[in-house]
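Heads up, the thing below is written out as structure tokens.
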Amino acid sequence: MKDSHAVVIVGGGPTGLMLAGELALARVDVAIVERRESQELAGTRAGGLHARTIEVLDQRGIAERFLSRGQTMQVAHFAGPLDISDFPTRHNYGLALWQNHIERILADWVGELAVPIYRGREVTAFAQDDTGVDVALSDGRSLRARFLVGCDGGRSLIRKNAGIDFVGWEPSTSYLIAEVEMTDEPAWGIRRSEKGTHALGKVEDATLVRVVLEEPHVGHGEPTLAEVREALVAAYGTDFGARSATWLSRFSDAARQASSYRDRRVLLAGDAAHVHSPVGGQGLNTGVQDAVNLGWKLAQVVHGTSPESLLDTYQAERHPVAARVLRTTLALTALHRGDERSKALHESMAELLRIDEPRKRYGAMMSGLDIHYDLGAGHPLLGRRMPDLDLVTDAGPLRVFTLLHDARPALIRFAGAFDITPWPSRVRQIDARYNGAWELPVLGAVAAPTAVLIRPDGHVAWVSEGTDHGLRDALATWFGSPDRFDPRVRFVDATSMEIWQMVLPSDGLPSPPAPPGFKTGAQIALVTMGERYLVAFPRVEVDAVLEDSLATIAALDGATVVLVVDFDRPGRAVARLLGAGDPARAAMAVAVVKYSWAWDETEEILVETGVTTHAVRVVYAAPTFTVQATLRGE
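In case it helps, the numbering used here puts the sequence shown at residues 343 to 976.
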């Protein structure tokens with residue numbers, strides 16, 4: 343028997359963990375397959391977060407977890423440090439933090455979101471068909487997924503088995519990296535010479551020395567302690583008594599990129615999609631941002647909100663970003679060579695970057711703050727990151743990034759009315775005021791918009807300069823076809839949420855529920871019929887008797903559907919569709935084919951949409967009515 347998930351992610355590193363969190367926030371059934379038994383990493387691998395990655399984490403409300411563990415500093419560099427402290431962002435710095443800490447924090451977050459991880463297992467094979475992917479694991483288990491995402495590193499089995507080319511530049515140099523004990527005091531710091539670039543540093547919380555040595559010739563295979571000793575002697579004239587290696591590895595300046603990030607139901611992200619030299623600290627950051635770009639799009643496809651063609655925008659947007667990263671790291675590698683010609687070039691670039699304009703351009707590039715997706719002509723904000731403004735609303739002060747904590751899109755209206763009635767269940771609407779300057783890195787001041795539509799990844803999908811021209815097209819492009827709703831169905835934003843119960847009266851008929859408390863950023867559906875009403879949380883199925891009919895709010899394949907059931911004879915009911923999140927499904931014939939009612943047992947309604955039969959179940963246990971329903975296809 344196969345365990346099934348909507349999405350299976352192969353690889354539990356930073357990219358895979360971030361993607362899992364994004365999908366879990368969107369209520370997608372996602373699981374990770376990770377070959378390591380725990381989240382521990384061999385060696386203290388450098389991590390480091392650039393400003394845009396910190397912003398992305400702030401958009402999910404988890405940036406402080408990282409900031410509290412690392413050290414903020416100016417980490418961006420090209421031919422020397424690039425100071426971005428004058429950039430218009432709340433996070434005008436980078437964060438020095440080892441990768442093992444980054445992974446643990448992400449893993450804790452994913453654990454809070456209840457994402458299952460198949461640890462100690464590897465994917466050995468997979469086969470995809472028109473509806474999903476069968477995944478074979480090393481322990482003999484099989485998984486079934488609608489989509490498979492390879493986040494399994496530069497040697498990605500997923501990429502290789504999908505037949506996706508990995509094109510680019512062969513290595514011109516390689517480095518040994520090790521953690522060893524030394525009996526003699528080492529020469530701490532970075533050394534550049536004709537023999538290459540080398541570094542010796544202390545390992546955090548240990549007596550070990552971290553060694554990085556450029557090799558005279560490109561090395562291959564797994565390194566040995568003997569090779570490290572020989573390289574130390576060649577670079578420093580002594581091996582400092584190196585012994586007892588706890589970690590040995592090798593990396594090169596090879597730069598390669600997947601020709602395509604997608605093959606039907608198989609996708610790639612992070613190092614599986616692009617590899618390059620670690621100089622500049624771009625790899626982890628690019629992978630995390632891949633995940634944030636892909637996550638919400640994949641969720642909408644899984645839920646049936648958007649067509650699969652939305653996934654093509656992942657390739658269109660992220661492939662050029664990584665292509666630029668590859669060329670940047672090639673340039674950085676050349677700048678850091680120790681020969682006299684490279685030194686002269688390095689000094690010239692360093693002098694150039696002391697001038698404000700080049701510093702700002704390169705600082706924005708290295709920090710990720712200048713990423714621009716080509717969404718067409720228009721306002722400079724279009725396709726760029728939305729600044730984390732301090733807004734003023736009728737409910738009080740509000741940060742833009744707070745709106746994105748649950749990975750939902752938002753329309754912020756600064757002036758005028760912009761009607762998005764057909765999309766209320768998908769896009770949060772906020773009326774706000776902002777009197778400060780509108781400023782972007784490198785570009786500087788831009789005109790204040792009257793409204794902005796922000797995608798879940800924090801990039802601006804539409805900008806108004808006084809009219810709603812293009813708004814409906816942007817909504818349909820990024821968030822699916824418009825909803826169809828009965829006038830009695832409306833969605834409202836709320837401030838806090840909790841599961842509620844309602845007491846059954848003595849006559850056995852449930853009273854309308856009292857308004858519950860609501861969770862920040864949540865949205866509820868409200869149906870009114872006469873003097874009675876029904877309140878429901880998104881994707882939670884609840885029933886109530888309204889005007890002698892049973893109203894059910896459910897989620898059918900990602901569409902929010904309101905059914906009003908009329909009883910025409912005992913044991914049978916006829917359903918009328920009031921609203922749906924997908925007009926194609928709304929047009930389908932909907933009929934209740936089975937109905938049973940018992941207060942101390944289980945009520946089951948089978949709903950046929952013409953494609954799938956769904957079972958909506960609510961468990962009753964007098965004297966309380968508790969929502970325990972989940973939707974399942976049969």
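Where a beta carbon is used, it is the ideal one built from N, C-alpha and C, also for glycine. Please read these numbers as outputs of a predicted model, since none were measured by experiment.
Answer with buried or exposed for residue i, where buried requires no fewer than 16 other C-beta atoms within 10 angstroms of its C-beta.
| i | result |
| --- | --- |
| Ala-596 | buried |
| Met-415 | exposed |
| Ser-516 | buried |
| Ser-498 | buried |
| Gly-718 | exposed |
| Gln-413 | exposed |
| Asp-712 | buried |
| Gly-482 | exposed |
| Val-509 | exposed |
| Ala-978 | Residue 978 lies beyond the stretch modelled for the chain, which goes from 343 to 976, so this question has no answer here. |
| Ala-737 | exposed |
| Ala-896 | With a pLDDT of 45 at Ala-896, under the threshold of 50, the modelled position of that residue is not reliable, and the figure given next carries that caveat. With 16 or more other Cβ atoms within 10 Å, it is buried. |
| Arg-918 | With a pLDDT of 40 at Arg-918, under the threshold of 50, the modelled position of that residue is not reliable, and no figure is offered here. |
| Ile-444 | buried |
In three-state DSSP terms, what is residue i?
| i | result |
| --- | --- |
| Asp-908 | At Asp-908 the pLDDT is 43, less than 50, meaning the model places this residue with poor confidence and gives no usable figure here. |
| Tyr-704 | helix |
| Arg-497 | coil |
| Pro-783 | coil |
| Tyr-460 | strand |
| Ala-757 | coil |
| Phe-408 | helix |
| Val-465 | strand |
| Thr-414 | strand |
| Ile-351 | strand |
| Ser-684 | helix |
| Ala-449 | helix |
| Arg-432 | coil |
| Ser-594 | strand |
| Ser-690 | helix |
| His-661 | helix |
| Ile-426 | coil |
With distances taken between CB atoms, is the gap from residue i to residue j smaller than 8 Å?
| i | j | result |
| --- | --- | --- |
| Ser-651 | Arg-394 | no |
| Leu-448 | Leu-640 | no |
| Tyr-656 | Asn-627 | no |
| Val-621 | Leu-555 | no |
| Ala-584 | Met-524 | yes |
| Leu-359 | Ala-749 | no |
| Thr-588 | Leu-550 | yes |
| Gly-623 | Cys-493 | no |
| Phe-756 | Ala-774 | yes |
| Ile-762 | Leu-745 | no |
| Phe-582 | Leu-590 | no |
| Gly-543 | Arg-552 | yes |
| Phe-429 | Gly-705 | yes |
Using the Cα positions of residue i and residue j, report the straight-line distance between them to the nearest angstrom.
| i | j | result |
| --- | --- | --- |
| Ser-535 | Arg-571 | 18 Å |
| Arg-696 | Arg-768 | 46 Å |
| His-616 | Gly-495 | 9 Å |
| Ala-759 | His-714 | 28 Å |
| Val-530 | Gly-625 | Here residue 530 is Trp; the residue named in the question, Val, does not match the sequence. If you take the alpha carbons of Trp-530 and Gly-625, they lie about 26 Å apart. |
| Glu-406 | Asp-400 | 8 Å |
| Arg-683 | Asp-730 | 43 Å |
| Gly-474 | Leu-782 | 42 Å |
| Val-457 | Val-375 | 11 Å |
| Gly-720 | Tyr-603 | 28 Å |
| Leu-361 | Arg-446 | 15 Å |
| Ser-427 | His-433 | 9 Å |
| Leu-383 | Pro-739 | 41 Å |
| Val-522 | Gly-403 | 38 Å |
| Gly-808 | Ile-796 | 17 Å |
| Lys-502 | Ala-614 | 10 Å |
| Ser-346 | Arg-669 | 40 Å |
| Gly-563 | Arg-592 | 8 Å |
| Ser-586 | Glu-512 | 32 Å |
| Leu-687 | Leu-677 | 7 Å |
| Val-644 | Leu-518 | 43 Å |
| Arg-377 | Thr-357 | 15 Å |
| Thr-792 | Arg-411 | 39 Å |
| Arg-369 | Lys-537 | 53 Å |
Indicate, with yes or no, if the ligand MN has a heavy atom lying under 7 Å from the CB of residue i.
| i | result |
| --- | --- |
| Ala-614 | Summarising the ligand content, the structure contains no ligands, and the ligand MN is consequently not present. |
**Study point:** Three CB pairs or more closer than 8 Å across the stretch 710-726 and the stretch 794-806
**Key:** yes
Point to revise | Segment contact, 8 Å Cβ cut-off, at least three pairs: the stretch 485-493 with the stretch 603-611 | key: yes
Practice item. Please confirm if the stretch 465-473 is in contact with the stretch 425-443, defined as three or more CB-CB distances below 8 Å between the two stretches. Key: no
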